[in-house]
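Heads up, the thing below is written out as structure tokens.
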Amino acid sequence: MTDNILVRTIVEGIQEKKGKRIVVVDLKKFDSAGCSYFVICEGDSNTHVNAIAGSVRDYVRTHAKTKPVATDGLENSLWVAMDYLQVIVHVFQREPRNFYDIEHLWADADITEIPDLD
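Given below as structure tokens:
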């Protein structure tokens, strides 16, 4: 499976639970990044963040036949990180996302914004 298919499947899993402000950060040109893509989104509450992370896990398992090698942050669901090796998914609540601003850690990265679903 290509990274692009995995990214698209992750985005669809986020959209299943109405994740907001989805961005895809292309990190392939950075040798020190450790992965090819970040997929970042946010939810409105602990429950919403947890539901988005669960949707990504289940949707990717069903449609792309893969599982994350690690997931962290489900204890408080302020920031959940899911590691799919070449793609890392970050599901935030609004305040932690604004504070850490990880989509702009690599100023020269290509960032694709995905419109919210209504």
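Take the sequence shown: its letters are residues 135 to 252, numbered as in our numbering. Think of the CB as a built atom: it goes at the ideal place given N, C-alpha and C, for glycine as much as any other residue.
Using the rule of at least 16 other Cβ atoms within 10 Å of the residue's Cβ for burial, across every protein chain shown, is residue i buried or exposed?
{"i": "K163", "result": "exposed"}
{"i": "R228", "result": "exposed"}
{"i": "K199", "result": "exposed"}
{"i": "K151", "result": "buried"}
{"i": "S166", "result": "exposed"}
{"i": "H224", "result": "buried"}
{"i": "V203", "result": "exposed"}
In this structure, does DSSP put residue i in helix, strand or coil?
{"i": "T205", "result": "strand"}
{"i": "A215", "result": "strand"}
{"i": "T136", "result": "coil"}
{"i": "T246", "result": "strand"}
{"i": "G153", "result": "coil"}
Below 8 Å on the Cβ atoms is my contact criterion, and I expect residue i with residue j to pass it. Report the Cβ-Cβ distance as a whole number of Å.
{"i": "Y193", "j": "D137", "result": "Actually they do not touch by this definition, with Cβ atoms about 17 Å apart."}
{"i": "V190", "j": "I174", "result": "That belief does not hold up - the Cβ atoms of V190 and I174 are roughly 12 Å apart, past 8 Å."}
Keeping to the same chain, check which residues put their C-beta closer than 7 Å to that of residue i; ignore five residues upstream and five downstream.
{"i": "T246", "result": "V157 and V158"}
What does a CB cutoff of less than 6 Å around residue i pick up in its chain, not counting 5 residues either side in sequence?
{"i": "D143", "result": "The identity of residue 143 in the sequence shown is Thr, whereas the question assumes Asp. The answer, listed in chain order, is V194, H197 and A198."}
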